[in-house]
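Asks: Those protein sequence lines, which keep their order, are chains V and L.
Counting from 87, one number per residue, gives the positions in the first sequence under our numbering.
Counting from 4, one number per residue, gives the positions in the second sequence under our numbering.
Every residue, glycine too, gets a C-beta built ideally from N, C-alpha and C.
From a predicted model like this one, the values you see are computed outputs, not experimental measurements.
The following block contains the structure, expressed as structure tokens.
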Amino acid sequence: MLDNIKILFRQGKQYIPDVTKAELPGIFRGRPEISNETIDTAALIDLCPTGAIDLNPVSIDLGKCTFCGECAFSFPSKVKFTKDYKIAANQREDLIIKAGETEAITLNPDLIRKEIAKYFSGSLKLRQVSAGGDNSCELELNACGNVNFDMGRFGIEFVASPRHADGIVITGPITENMAVPLQICYDAVPDPKIIILAGTDAISGGIFSDSPALNRTFLSKYKIDLYVPGNPIHPLTFINGVMDLIKKRK
Amino acid sequence: MSNYIAIKNNQTIPVQNIPVLDYEDFFALNTGLIQHEENHCVSYFGYRIQDKLKLTCCMANDTDGNILISSCEIKTNAREPYPSFTAHHLSFHFFERELHENFGINYAGHPWLKPVRFSFDRTNKDSRIENYPFYQIKSEELHEVGVGPIHAGVIEPGHFRFICNGEQILHLEIQLGYQHRGIEQLFLNKKKLLQRTTLAESIAGDTVAGHTTTFVNLWESLCNYQADEDLQFARTLALELERLAIHTGDLSAICTDIAYQLGSSVFGRLRTPLINFFQIWCGNRLGKGLIRAGKSNFYFTEGLRKQLEQLLDAYENDYGQMWEEFHTLPSALARLEKTGVVTREQAIAIGLVGMAAKTSGIRRDVRATHVHDLYGQLNHQPVVKHHGDVYSRAHLRNKEIRQSMGYIRKMLQNIPQENKNRRPLSSPQPASFTLSLAEGWRGEICHCAVTDKDGELMHYKIKDPSMHNWLALALAVRNNEISDFPICNKSFDLSYCGHDL
Ligand code: SF4
Numbered sequence: 087m088l089d090n091i092k093i094l095f096r097q098g099k100q101y102i103p104d105v106t107k108a109e110l111p112g113i114f115r116g117r118p119e120i121s122n123e124t125i126d127t128a129a130l131i132d133l134c135p136t137g138a139i140d141l142n143p144v145s146i147d148l149g150k151c152t153f154c155g156e157c158a159f160s161f162p163s164k165v166k167f168t169k170d171y172k173i174a175a176n177q178r179e180d181l182i183i184k185a186g187e188t189e190a191i192t193l194n195p196d197l198i199r200k201e202i203a204k205y206f207s208g209s210l211k212l213r214q215v216s217a218g219g220d221n222s223c224e225l226e227l228n229a230c231g232n233v234n235f236d237m238g239r240f241g242i243e244f245v246a247s248p249r250h251a252d253g254i255v256i257t258g259p260i261t262e263n264m265a266v267p268l269q270i271c272y273d274a275v276p277d278p279k280i281i282i283l284a285g286t287d288a289i290s291g292g293i294f295s296d297s298p299a300l301n302r303t304f305l306s307k308y309k310i311d312l313y314v315p316g317n318p319i320h321p322l323t324f325i326n327g328v329m330d331l332i333k334k335r336k
Numbered sequence: 004m005s006n007y008i009a010i011k012n013n014q015t016i017p018v019q020n021i022p023v024l025d026y027e028d029f030f031a032l033n034t035g036l037i038q039h040e041e042n043h044c045v046s047y048f049g050y051r052i053q054d055k056l057k058l059t060c061c062m063a064n065d066t067d068g069n070i071l072i073s074s075c076e077i078k079t080n081a082r083e084p085y086p087s088f089t090a091h092h093l094s095f096h097f098f099e100r101e102l103h104e105n106f107g108i109n110y111a112g113h114p115w116l117k118p119v120r121f122s123f124d125r126t127n128k129d130s131r132i133e134n135y136p137f138y139q140i141k142s143e144e145l146h147e148v149g150v151g152p153i154h155a156g157v158i159e160p161g162h163f164r165f166i167c168n169g170e171q172i173l174h175l176e177i178q179l180g181y182q183h184r185g186i187e188q189l190f191l192n193k194k195k196l197l198q199r200t201t202l203a204e205s206i207a208g209d210t211v212a213g214h215t216t217t218f219v220n221l222w223e224s225l226c227n228y229q230a231d232e233d234l235q236f237a238r239t240l241a242l243e244l245e246r247l248a249i250h251t252g253d254l255s256a257i258c259t260d261i262a263y264q265l266g267s268s269v270f271g272r273l274r275t276p277l278i279n280f281f282q283i284w285c286g287n288r289l290g291k292g293l294i295r296a297g298k299s300n301f302y303f304t305e306g307l308r309k310q311l312e313q314l315l316d317a318y319e320n321d322y323g324q325m326w327e328e329f330h331t332l333p334s335a336l337a338r339l340e341k342t343g344v345v346t347r348e349q350a351i352a353i354g355l356v357g358m359a360a361k362t363s364g365i366r367r368d369v370r371a372t373h374v375h376d377l378y379g380q381l382n383h384q385p386v387v388k389h390h391g392d393v394y395s396r397a398h399l400r401n402k403e404i405r406q407s408m409g410y411i412r413k414m415l416q417n418i419p420q421e422n423k424n425r426r427p428l429s430s431p432q433p434a435s436f437t438l439s440l441a442e443g444w445r446g447e448i449c450h451c452a453v454t455d456k457d458g459e460l461m462h463y464k465i466k467d468p469s470m471h472n473w474l475a476l477a478l479a480v481r482n483n484e485i486s487d488f489p490i491c492n493k494s495f496d497l498s499y500c501g502h503d504l
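See the structure below:
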């Protein structure tokens with residue numbers, strides 16, 4: 087018993103006090119900023135592994151980007167990644183960052199259904215469905231609930247049964263073999279319910295987008311409430327995105 | 004002429020140097036080799052050449068570090084089934100099931116040609132994962148429990164079908180495939196190196212260092228490129244850091260499954276600075292972006308060395324205290340000891356690798372037996388345990404955590420200079436074969452590649468250690484209480500996506 091108390095004492099406080107303002111250690115590739123510099127754009131587009139870069143103006147689609155950073159290494163004067171981890175959006179187009187844009191990414195309040203804040207702002211239970219996820223986003227979603235990020239203190243938690251959930255969080259590019267279980271799980275969640283796509287693979291298919299082993303028809307049937315980019319998502323990106331989605335607005 | 008060619012880890016040879024045997028000789032050779040305990044099959048695969056299927060079998064010898072490669076060309080539409088390797092040694096069961104699923108090869112004497120993953124290019128499209136007929140035992144006494152594909156936690160999908168006698172598990176069938184993304188085919192379709200590296204990083208996102216190191220070592224060998232020491236340093240360091248981080252996280256998960264809250268929280272939080280260090284080093288908590296063929300975007304600086312040393316000092320103290328408390332706690336030991344046992348005989352029969360092999364008394368660890376990168380300098384001595392139970396697998400993690408810390412500290416004393424003038428990578432050599440092995444935290448990873456006459460990839464074969472080890476979980480839970488399943492499962496911590504590809 088005494089040893090247990092010693093360990094507890096020694097561990098002290100581990101949680102991040104303010105998850106909305108925390109600084110990330112070291113380097114992190116968050117929201118990119120693209121300058122108006124003239125460069126060899128054909129070479130820039132060619133080097134991207136997932137076709138996330140487009141032209142007129144030069145843009146990066148965070149829903150496709152794997153955050154490999156190669157564009158910034160090859161064209162440092164053109165692309166730079168800031169440490170801003172608040173990159174979740176509720177509109178697919180808002181994930182496309184164009185040259186010259188340096189504003190923070192925010193949710194469009196007009197697109198948030200009224201019942202979301204009404205029912206979920208103090209308590210949101212989520213069912214996670216990995217559909218071809220590589221276990222990196224899954225690890226980070228688990229980390230959201232650990233003693234450091236402690237998402238539970240905001241009433242946001244993952245639950246075991248879809249029947250206890252208010253929505254689903256999908257990771258992975260959605261394989262053919264998971265298409266049916268995903269649908270069954272979604273159907274089992276009572277209304278009203280939300281859908282969150284976590285990670286580049288879920289949002290666009292990522293590096294797997296043209297694989298013959300996928301079946302992404304589920305996504306065309308429903309409105310997506312939140313897109314959380316990352317490869318994998320950072321816990322702070324997820325927590326901030328979800329808190330923004332469910333908060334009460336004036 | 005010999006009926007096989009012996010190569011070393013990461014060696015490239017012309018495909019034509021691999022002897023092509025009759026099926027009879029191919030069969031006799033490989034089922035003969037496997038009778039020696041020092042040999043095991045690291046990969047066995049087929050690829051189409053016109054109307055034939057070329058089989059290539061790779062047997063690694065753990066004593067002399069050789070890998071014996073042999074091949075055989077067969078017809079896929081043969082009337083007569085081929086004699087099964089598995090009938091002689093169970094460890095081939097996975098590879099033959101894969102050949103059966105992908106190419107329709109029929110085998111005589113294979114105990115159960117159970118579907119592997121319902122791959123998109125399987126021959127029998129009528130066989131679907133939704134209506135797969137699970138193994139059944141007709142009895143009034145027994146009942147079935149189906150779990151998954153979606154599990155209770157935030158975890159990948161797979162189906163577990165238990166046949167139970169009361170609370171006791173009589174039989175467990177594991178059906179995977181839900182995670183199949185067609186990754187081997189994408190290795191051929193995607194032509195850019197960065198795309199292929201990204202794929203390697205996504206084979207199993209919890210083993211980024213393991214699979215990416217295996218890929219880049221293979222690729223560099225294929226391009227006849229010798230990696231500078233600073234690149235090899237970064238790969239070795241990443242592999243050991245990944246092992247340290249995941250083992251620590253697994254101890255947390257084991258504590259969670261026995262409802263030991265203190266261990267779960269403390270081990271869980273101890274993982275955080277380790278993966279944060281990956282972010283400090285390369286901008287990604289799981290190490291994505293760090294390892295590249297023929298280059299690196301993130302040199303390991305003096306500043307990083309200091310931070311990592313401080314981190315390890317703090318970690319070691321807290322870890323040691325928590326481990327002492329955990330492994331002397333009677334209520335924890337009662338749940339771990341003699342639970343989920345895999346015997347040495349079983350381990351050899353089914354060809355286990357990695358942690359599962361080492362806890363059942365088999366000294367099998369690529370870092371010692373088929374060295375690559377800086378492992379030659381570290382003189383790795385694998386930790387071997389003998390009870391094969393959950394406790395052994397927890398204990399092995401503890402030992403390996405301490406071992407990895409030692410290796411990292413040793414490596415930090417001598418950081419190689421960055422080569423600022425690296426030779427660029429050329430293209431892969433034509434008509435060549437390469438095999439690469441690395442010891443990820445789970446165990447042995449094997450990638451093989453074959454190029455055509457223009458140096459284009461014509462086959463890419465991935466083997467995650469989970470492909471050998473899932474069967475160990477099914478055997479381990481027999482006669483255990485079904486309530487002990489989660490902790491057995493966690494003690495192996497196998498990969499779904501690494502298996503399903
Ligand atoms: S960081 Fe994103 S946009 Fe840049 S090359 Fe990588 S995937 Fe493409």
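Return the first residue and the last residue of the alpha helix (DSSP H) that Phe48(L) is part of.
Replies: It is not in any alpha helix (DSSP H) - Phe48(L) instead sits in the beta strand (DSSP E) that spans Asn42 to Ile52.
Asks: Tell me whether Asn42(L) is buried or exposed, calling it buried when 16 or more other Cβ atoms sit within 10 Å of its Cβ.
Replies: buried
Asks: From Asn176(V) to Arg288(L), what distance separates their C-alpha atoms?
Replies: The alpha-carbon atoms of Asn176(V) and Arg288(L) are separated by roughly 25 Å.
Asks: Roughly how many whole angstroms lie between the Cα atoms of Lys166(V) and Phe123(L)?
Replies: 39 Å
Asks: At the 8 Å Cβ level, is Asn279(L) part of the contact set with chain V, yes or no?
Replies: yes
Asks: Does the beta-carbon of Phe114(V), which I'm using as the reference point, lie nearer than 7 Å to any heavy atom of the ligand SF4?
Replies: no
Asks: With a threshold of 8 Å between beta-carbons, can Val266(V) be considered close to chain L, or not?
Replies: yes
Asks: I'd like to know whether the C-beta of Ile153(L) is nearer than 8 Å to at least one C-beta of chain V.
Replies: yes
Asks: Could you tell me which chain C residues have their CB closer than 8 Å to the CB of Ile283(L), listed as they occur along the chain?
Replies: Of the protein chains in this structure, namely V and L, none is chain C.
Asks: I'd like to confirm something about Glu243(L): is its beta-carbon nearer than 7 Å to some heavy atom of the ligand SF4, or not?
Replies: No; taking the cut-off as 7 Å, the Cβ of Glu243(L) has no heavy atom of the ligand SF4 nearer than that.
Asks: Give a yes or no on whether the C-beta atoms belonging to Phe106(L) and Gly49(L) are separated by under 8 Å.
Replies: yes
Asks: Can you find a C-beta in chain L that's less than 8 Å from the C-beta of Cys154(V)?
Replies: Yes - at least one Cβ of chain L is within 8 Å of the one on Cys154(V).
Asks: Quick check: does the Cβ of Thr106(V) come within less than 7 Å of any heavy atom belonging to the ligand SF4?
Replies: no
Asks: In the DSSP assignment, find the alpha helix (DSSP H) that holds Pro135(V) and state where it starts and stops.
Replies: That residue, Pro135(V), is in no alpha helix (DSSP H); it is neither H nor E in DSSP.
Asks: In its own chain, which residues sit with a C-beta less than 7 Å from the C-beta of Tyr7(L), not counting the 5 before and 5 after it?
Replies: Pro22, Leu32, Leu71, Ile72 and Ser73
Asks: Would you call the segment 241-249 of chain L in contact with the segment 279-286 of chain V, where contact means no fewer than 3 C-beta pairs closer than 8 Å?
Replies: no
Asks: Does the contact criterion of 3 or more C-beta pairs under 8 Å hold for the segment 116-131 of chain L versus the segment 173-189 of chain L?
Replies: The segment 116-131 of chain L is in contact with the segment 173-189 of chain L.
Asks: Looking only at its own chain, which residues have a Cβ that is under 6 Å from the Cβ of Phe324(V), when we skip the five neighbours before and after it?
Replies: Cys230 and Val314
Asks: Quick check on DSSP: helix, strand or coil for Gln406(L)?
Replies: helix
Asks: Can you grab the Cα-Cα spacing for the pair Ala190(V) / Thr304(L), in whole Å?
Replies: 32 Å
Asks: Give the residues of chain V in contact with Ile344(L), contact being defined as C-beta atoms less than 7 Å apart.
Replies: According to the sequence displayed, residue 344(L) carries Val and not Ile. Within chain V, no residue comes near Val344(L); the closest Cβ sits about 27 Å away, beyond 7 Å.
Asks: From what residue to what residue does the beta strand (DSSP E) around Val314(V) run?
Replies: Leu312 to Val314
Asks: Is the closest heavy atom of the ligand SF4 to the C-beta of Pro135(V) under 7 Å?
Replies: Indeed, a heavy atom of the ligand SF4 lies less than 7 Å from the Cβ.
Asks: Going along the chain, which unbroken runs of the beta strand (DSSP E) with 3 or more residues stay wholly within the segment 340-412 of chain L?
Replies: Counting whole runs of 3 or more residues, the segment 340-412 of chain L contains no beta strand (DSSP E) stretch at all.
Asks: Does chain V have any CB closer than 8 Å to the CB of Glu245(L)?
Replies: no
Asks: In the DSSP output, what is His174(L) paired with across the bridge?
Replies: Ile166(L)
Asks: Could you tell me whether the Cβ of Gln269(V) comes closer than 8 Å to any Cβ of chain L?
Replies: no
Asks: Go to Ser216(V), then tell me how far its beta strand (DSSP E) extends in each direction, as first and last residue.
Replies: Counted as a single uninterrupted DSSP element, the beta strand (DSSP E) harbouring Ser216(V) occupies residues Leu210 to Ser216.
Asks: How about Lys291(L): is its C-beta nearer than 8 Å to some C-beta of chain V?
Replies: The C-beta of Lys291(L) comes closer than 8 Å to at least one C-beta of chain V.
Asks: Report yes if the C-beta of Ile146(V) is less than 7 Å from at least one heavy atom of the ligand SF4; otherwise report no.
Replies: yes
Asks: So which of Arg481(L), Ala477(L), Phe29(L) and Trp444(L) has the shortest CA-CA distance to Ile353(L)?
Replies: Ala477(L)
Asks: So, are the CB atoms of Leu227(V) and Ile183(V) less than 8 Å apart?
Replies: no
Asks: Return yes when the Cβ of Ser486(L) is within less than 8 Å of the Cβ of Ile257(L), no when it is not.
Replies: no
Asks: Tell me the rounded alpha-carbon separation between Ala262(L) and Asn326(V).
Replies: 29 Å
Asks: Who are the Cβ neighbours of Ser145(V) in its own chain at under 8 Å, not counting the five residues just before and after it?
Replies: Ile120, Ile139, Ile182, Ile183, Lys184 and Ala185
Asks: Between Arg425(L) and Gln14(L), what straight-line distance do the alpha-carbon atoms span, to the nearest angstrom?
Replies: 21 Å
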